[in-house]
Ligand SMILES: [Zn+2]
């Protein structure tokens, strides 16, 4: 996934990315613009499944939403 700096919008590089669990990850980014040098941390997590796994891990519990209706 490409990410740009939230301040100057230059492309960002991933410095580190660590799994916190089977469902979440913490990623440290660094801006490629030498006039900016912003470094920041982002988190990502599994929110829900839209198609359930055919080989589910019994220790992983993810809610299923088949279709969002308006
Ligand atoms: Zn920047």
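In this note's numbering, the protein residues as written are 977 to 1046. Glycine included, C-beta positions come from ideal geometry on N, C-alpha and C.
**Request:** On a CA-only basis, which of 993, 999 and 1010 is nearest residue 1033? Give me that one, please.
**Result:** 999
**Contact the stretch 1000-1013 vs the stretch 979-991: 3+ CB pairs below 8 Å** = yes
**Request:** Provide the residue span of the beta strand (DSSP E) that contains residue 1017, from first to last.
**Result:** 1015-1021
**Request:** Check whether the Cβ atoms of residue 1025 and residue 1040 lie closer than 8 Å to each other.
**Result:** yes
**Message:** Which same chain residues end up closer than 7 Å to residue 1008 when comparing Cβ atoms and leaving out the 5 residues on each side of it in sequence?
**Reply:** 986, 987, 988 and 989
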